[in-house]
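J.: Sequence lines, in order, name chains A, B, C and D. For the first sequence, position 329 matches number 340 in the working numbering, and the numbering has no gaps at all. For the second sequence, position 61 matches number 72 in the working numbering, and the numbering has no gaps at all. For the third sequence, position 298 matches number 309 in the working numbering, and the numbering has no gaps at all. For the fourth sequence, position 145 matches number 156 in the working numbering, and the numbering has no gaps at all. From the three backbone atoms N, C-alpha and C, an ideal C-beta is built for every residue, glycine too.
4 protein chains.
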Amino acid sequence: MSSTIGTLFKVSTFGESHGKGVGAIVDGCPARLTLVEADIQAQLDRRRPGQSALTTPRQESDTVTILSGVENGLTLGTPIGLFVPNKDQRPNDYHNLADIPRPSHADYTYRAKYGIKTSSGGGRSSARETIGRVAAGAIAEKFLAERYGVQIVAYVSSVGEITAGSIDPAAITRKLVDTTPIRCPDPVAAAKMITLVSAMREAKDSTGGVITCLVRNVPAGWGNPVFEKLEAQLAQAMLSLPATKGFEIGSGFAGAAMRGSQHNDPFILKNGTLTTATNYSGGIQGGISNGAPIVFRVAFKPPATIGQPQKTVDYNGQDVLLEAKGRHDPCVVPRAVPIVEAMAALVLADSALLQQAYQSGASPQV
Amino acid sequence: MSSTIGTLFKVSTFGESHGKGVGAIVDGCPARLTLVEADIQAQLDRRRPGQSALTTPRQESDTVTILSGVENGLTLGTPIGLFVPNKDQRPNDYHNLADIPRPSHADYTYRAKYGIKTSSGGGRSSARETIGRVAAGAIAEKFLAERYGVQIVAYVSSVGEITAGSIDPAAITRKLVDTTPIRCPDPVAAAKMITLVSAMREAKDSTGGVITCLVRNVPAGWGNPVFEKLEAQLAQAMLSLPATKGFEIGSGFAGAAMRGSQHNDPFILKNGTLTTATNYSGGIQGGISNGAPIVFRVAFKPPATIGQPQKTVDYNGQDVLLEAKGRHDPCVVPRAVPIVEAMAALVLADSALLQQAYQSGASPQV
Amino acid sequence: MSSTIGTLFKVSTFGESHGKGVGAIVDGCPARLTLVEADIQAQLDRRRPGQSALTTPRQESDTVTILSGVENGLTLGTPIGLFVPNKDQRPNDYHNLADIPRPSHADYTYRAKYGIKTSSGGGRSSARETIGRVAAGAIAEKFLAERYGVQIVAYVSSVGEITAGSIDPAAITRKLVDTTPIRCPDPVAAAKMITLVSAMREAKDSTGGVITCLVRNVPAGWGNPVFEKLEAQLAQAMLSLPATKGFEIGSGFAGAAMRGSQHNDPFILKNGTLTTATNYSGGIQGGISNGAPIVFRVAFKPPATIGQPQKTVDYNGQDVLLEAKGRHDPCVVPRAVPIVEAMAALVLADSALLQQAYQSGASPQV
Amino acid sequence: MSSTIGTLFKVSTFGESHGKGVGAIVDGCPARLTLVEADIQAQLDRRRPGQSALTTPRQESDTVTILSGVENGLTLGTPIGLFVPNKDQRPNDYHNLADIPRPSHADYTYRAKYGIKTSSGGGRSSARETIGRVAAGAIAEKFLAERYGVQIVAYVSSVGEITAGSIDPAAITRKLVDTTPIRCPDPVAAAKMITLVSAMREAKDSTGGVITCLVRNVPAGWGNPVFEKLEAQLAQAMLSLPATKGFEIGSGFAGAAMRGSQHNDPFILKNGTLTTATNYSGGIQGGISNGAPIVFRVAFKPPATIGQPQKTVDYNGQDVLLEAKGRHDPCVVPRAVPIVEAMAALVLADSALLQQAYQSGASPQV
């Protein structure tokens, strides 16, 4: 509780890493959107393990099936069931873990919450749960692109201590991002990041990183005042991803060190409409989009599964030396790029429908 | 939409800065909690304007009345209505603003959303809306303290470029925090921060800051997997506050530059129970509390209302020079401390009730 | 929990019969609806006690104040706070009841639920709670009338064993309904009903009754499949009213005794649009409105408060003879008419906004 | 929207009658409940078509698979995915219907809502959607029985004009109900009902009926005041079932003709606890269970699909004579018995968890 997000574009995910499969139900996608499985598969392929030498060597094709809600290539307006069967499970990799809560994993907290020890290595805290999010997000993204021209592009902006140089927010595309397997569009930084990730694998260690996400063409007026501010919903969506430790929008933490006279975004007239000269706000003011690009960053910790031996204790408090045998990613950010895009799409599709609900059709009051 | 937060400890706020008043309805507070208005007033007094030379000179007593849900000093289990009348309104301060969207305020986006221009200076994006949150949060906090011994203490950890030195998380108390009006428990940094804020007032400028929040004695097992992870709910709660630009938990953005071998929190046995030797996780793993202190930080931008003249354009795109006449805070973080505490309390009270809902009463499986 | 209804047109009520007052928050009313207190007061006046010799002699003016969400006579899109102070309280009427759970009241079940005995005579189960519903419903109704031309008219169709004759659904208006204080538009039945209610008062007894509600001009397409079928939401709304025991739509229970060949509503062409020749469906098919009038009926039990002595037991199981001294209605249906209308309006306003959220603007597929 | 029911025991269904299958996600079932597919299959078998000569001859085995949320025969606390593949589809039976909205079906209203004409014969309004409800309900029922001893038994109390005689609520069991295929425990009435249903099949016609549902051993204190009264939630749950036209609890519509002096349920002491001498309330007072059996009745209309030719018009308004070729039930109530039980279980499991959430562990106040 609760595996559901959204008020009108409502998505529920289900499935553990070691059960029959994982999936999602999308309830509230408008009718008459063209949709086939290939529309969804593209982002799943960007998320899947084994796609490059930088990720876990586990090979999972993660092929999606639409179970319901679509007929003759059109959405019906009814719940869209999505399912991806599990394959290549090696529960034995986790066999010796039944008595040892892995450091910085969720084994200990799940047991505290549910009173149950699972024999498997993860349950709902597994990154595999994000398959349902990516599949549902691909549908949200298609709706946003076709109805509003919204473009969502995320990229890796830092890995460990290596940070990408300045990126032109107007020029960035998914194709550009996918030029390198690390998904950083600054080629110099990308090369260093790849070297670092390879070194981590060698060292049986792992590293964290940061993803920046840009959303263009969101009309002014999406989002809400108070508890469901657009940035608040984005923050929740991003911090709901495994391994995330931080979220910032626009100026972010750096903005806390600025002066109001620097930070305020003055209005200007451009092509006949009001826009802002700067974008420290990150495209949102008072919880509501202002038409400028939405820009936010998400921090991911280093993966907790490392091959190095770790000193810890088992559930009985006995000292143990833990060596992970499972196949894992030394850095999650390259594969997390489509996941961040998916979560942004889910939040925005919900916001789009909410805003449409309250429109009167009349022009703004003069 | 939506002015409501929480699933079981559900709070709805209402009221604009220039209407009859502001308030909140708390629906889902357990019955038989002792409660009088003084329990709520204490935190409102820490939030109110005019409490020190560092804040806006507006004098608002912000006295709360309980409208319902309490009888003979005990909660009934029914909705608790809370109301604080507005006073000391000077709408004329905002009179010339009807045609000018103030930079980095919500005037422009509210008009885009609702199609209406309000004659007042803020509506629901006003910091005054947070009165309802603080009042409701005080009730949540009382419930958490009495039932579970939970302690929530927030403090100012940076103002502009000035950052507090190391703070012992075990020693910090609200009393210590309130030693200085800036609410930073490091006295050296506090003095510098006060000087900076005073300089900002002189310069008709403003500055941002960061608040750190510590929550002690949360039992292991609160929170949820997936979309309602405890850190995700805290992130939403904090980014729903006016002027916030970032949230981080535990290691935060710094964690993204770390190695797994450094960042993992190994388990140790302490006083007969498992705990972690370090707390980079910030008290939460996989969305669920692990019993360690919850630690998070919230970035606040510099207030958008500044006395300096600003070049911007009006709704018609005509150049204007805007000079704010309203009374305002040069830095919001001292007054935001009880607000951050209130939002943390709301999230945690909801988590406590949710966790109780699913308990079987049986011991964890061995 | 939970005192909130609706997904987009969301209403929360608060207040006990013996606290400071009762009220409601309407969160999600579209902006720019003209609204003044008089728009709301009219229905409150139809609900208030003491309005005729048929009702309780308690005199409560029930004057509503708008606390927020409206400026210059226009809704802002933000939460509309509504408050009605309590007056004419006589808690002593209920003084001797602290130890005796009144038969068919909620005293016993509230105590079982909340573990608390209130000294007052009712709490949230009081009919006074419905003031917030009527106030909120008046706003919903105004929105529906202005935007869609929806008309909602309820009337008393039976009191005790007296049932109104055939009523022309096209001719019925609120004015016609209010011709008699019993609110039954069949004058012959109305006279008998009035006699019966007066006899009940004399006999210190009470009687039940049935309210029929007609809703005209709901466009086809409102409502939902599955759990939130329009009739399901109406059923919930009506059974959430105090003293209700049944709900039926269209043919209702009588439909269970019919044949499919009789009960099916064949389509016909009328004024260029499809409609149905009969309306056993009651205006809804598969949970979604079909454009025909929505017709439903609600059964109300006889009020539990009667002046006759009743044999029962106190909380300790001791035999007692209970004689109510409170002032009460011998029959609730005349005053329940505006309450049923309000609940219908709340459900339909929410449905209208939901349907608008998913509209593509394109014509139906041919 | 919305295919989800419940706050804490939350169930979402998905799937059309002519897609790949139907199913449900149960989010919020407590951990450590023993659960295997056979626990669910039993009620699906009571619901499935072709189980007796009284139902549609369509043969669908409706075998359920648990996709997630269960490991080693124990629930994990995570979402339980349930799936039943579709078989024996004959879309050609519905081929000629693309241009004709079937009378009293949802074809017309779905097209009005979604702007789309499906080539299939029903979509989400199909009775097949109820498979997900029955599967989820079986889990809810197991939880209620094991934790609280709750027993839910529904039976057919009328078919067309034939009504069962008096049934002893204490003696009724599922086994007794299943003695005859019509599921009426009064053998004399059952025989007449079977004859009537057979005659309907012969006449290519259909008939409605009524189901009565009894719930024993619900503790006092479940349910809520105001909008989520227990009877309101049951009413919503029942009216959300296809073909339902009415709901009544306890005395129901007959109660509207009674006097308060008859209808009130006086308290008595029995085996050391308070209970009521009569049960006109139907086990609920003020929205909260009182410990007495919960008794309600649900009216089902005659199935709209009949073999007789029907005069109606197509979407263009042209006169047509419609003859259904699909295989259908002449009366739905025998198969609806487990569906009514499932919906009751879903509402009550949610109520049980909600009540546990707010318990303090302390004894009721004296």
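Between the C-alpha atoms of ALA147(C) and GLN52(D), what's the straight-line distance to the nearest angstrom?
T.: In a straight line, the C-alpha of ALA147(C) is about 45 Å away from that of GLN52(D).
J.: In chain order, what residues of the same chain have a beta carbon less than 6 Å from the beta carbon of GLY39(B), not counting five sequence neighbours either side?
T.: Same-chain partners within the cutoff: LEU19, PHE20, LYS21.
J.: Does the Cβ of GLY132(D) have 16 or more other Cβ atoms within 10 Å, making it buried, or fewer, making it exposed?
T.: Caution is warranted here: a pLDDT of 46 is assigned to GLY132(D), below 50, making its placement in the model unreliable, and no coordinate value can be reported.
J.: According to DSSP, is VAL164(A) part of a helix, a strand, or is it coil?
T.: The answer is strand: DSSP assigns VAL164(A) an E or B state.
J.: With 16 as the cutoff for other CB atoms within 10 Å, does ALA182(D) come out buried or exposed?
T.: When all chains shown are included, ALA182(D) counts as exposed.
J.: At what residues does the beta strand (DSSP E) containing PHE311(A) begin and finish?
T.: PHE311(A) -> beta strand (DSSP E) spans 305-311.
J.: For GLN367(B) versus GLN319(D), is the C-beta spacing smaller than 8 Å?
T.: No, these two residues do not count as a Cβ contact at 8 Å.
J.: When the distance is taken between beta carbons, is ASP276(A) closer than 8 Å to THR287(A)?
T.: Going by C-beta atoms, THR287(A) is nearer than 8 Å to ASP276(A).
J.: So which residues on chain D does THR221(C) lean against when the C-beta distance must stay under 8 Å?
T.: Looking at the sequence itself, residue 221(C) is Val, so the reference to Thr does not match. PHE264, ALA267, listed in chain order.
J.: Would PHE25(B) and ALA360(B) be called neighbours here (beta carbons separated by less than 8 Å)?
T.: Going by C-beta atoms, PHE25(B) is not nearer than 8 Å to ALA360(B).
J.: I'd like to know whether the C-beta atoms of ARG212(B) and PRO114(B) end up nearer to each other than 8 Å.
T.: For ARG212(B) and PRO114(B), no; Cβs fall outside 8 Å.
J.: Just by C-beta distance, which residues in the stretch 63-94 of chain C are closer than 9 Å to chain B?
T.: The stretch 63-94 of chain C vs chain B, Cβ under 9 Å: THR76, ILE77, LEU78, SER79, GLY80, VAL81, GLU82, ASN83, LEU85, THR86, LEU87, GLY88, THR89, PRO90, ILE91, GLY92, PHE94.
J.: List the residues of chain D that LYS336(C) touches, going by C-beta distances under 9 Å, in chain order.
T.: In chain order: nothing, as chain D lies at least about 15 Å away.
J.: Are any of the Cβ atoms in chain C nearer than 8 Å to that of GLN367(D)?
T.: No, no contact with chain C.
J.: Would you mind stating whether VAL167(D) and MET204(D) have Cβ atoms separated by less than 8 Å?
T.: It is a contact, given that the beta carbons lie within the stated cut-off.
J.: Starting from PHE258(D), follow its DSSP beta bridges and name the residues at the other end.
T.: DSSP, once it has assigned bridges, lists PHE258(C), VAL309(D) as partnering PHE258(D).
J.: Does the CB of GLN247(C) have a neighbour CB from chain D at under 8 Å?
T.: Yes, contact with chain D.
J.: According to DSSP, is LEU155(C) helix, strand or coil?
T.: Helix at LEU155(C).
J.: On the three-pair Cβ rule with 8 Å, is the stretch 192-203 of chain A touching the stretch 259-268 of chain A?
T.: Short answer: they don't touch.
J.: Report the rounded CA-to-CA distance for ALA4(B) versus GLY84(C), giving the unit in angstroms.
T.: As shown, chain B starts at 12 and ends at 377. That puts residue 4(B) outside it, with no answer to give.
J.: Using the C-alpha atoms, what's the distance from GLY88(B) back to TYR369(D)?
T.: Looking at the two C-alpha atoms, the distance is approximately 9 Å.
J.: Quick check: the stretch 30-48 of chain C against the stretch 63-78 of chain C, are at least 3 beta-carbon pairs closer than 8 Å?
T.: At 8 Å Cβ cutoff, the stretches touch.
J.: On the DSSP letters alone, give me the boundaries of the alpha helix (DSSP H) that ASP73(A) sits inside.
T.: Segment: none, ASP73(A) is in no alpha helix (DSSP H) and carries neither H nor E.
J.: Along chain A, which residues have their Cβ under 9 Å away from the Cβ of LEU364(C)?
T.: Going along chain A in sequence order, the residues near LEU364(C) (Cβ under 9 Å) are ALA368, TYR369.
J.: Cβ closer than 9 Å: which chain D residues qualify as neighbours of THR18(B)?
T.: Those are THR18, LEU19, listed as they occur along chain D.
J.: What residues in its chain sit with their C-beta under 7 Å from that of VAL324(A), if we drop five residues either side in the sequence?
T.: Correct list, in chain order: ASP330, VAL331.
J.: Name, please, each residue of chain C whose Cβ falls closer than 8 Å to the Cβ of ALA117(D).
T.: Near ALA117(D) (Cβ distances below 8 Å), the residues of chain C are PRO236, GLN296, GLY297, GLY298, ILE299.
J.: Candidates ARG57(C), GLN70(C), ARG43(C): which alpha carbon is nearest THR86(C)'s?
T.: Among ARG57(C), GLN70(C), ARG43(C), the Cα nearest to that of THR86(C) is on ARG43(C).
J.: For VAL226(B), which of helix, strand or coil comes out of DSSP?
T.: Three-state DSSP puts VAL226(B) in a strand.
J.: Nearest-angstrom Cα distance between ALA353(C) and ASN301(C)?
T.: If you take the alpha carbons of ALA353(C) and ASN301(C), they lie about 22 Å apart.
J.: Could you check the C-alpha separation between SER63(A) and ASP56(A) for me, to the nearest Å?
T.: If you take the alpha carbons of SER63(A) and ASP56(A), they lie about 11 Å apart.
J.: For LYS312(A) versus GLY219(A), is the C-beta distance shorter than 8 Å?
T.: Against a cut-off of 8 Å, the Cβ pair of GLY219(A) and LYS312(A) comes out as a contact.
J.: Pull up the distance between the alpha-carbon of LYS128(D) and that of SER14(D), whole angstroms please.
T.: Using only the alpha carbons, I get a separation of about 20 Å.
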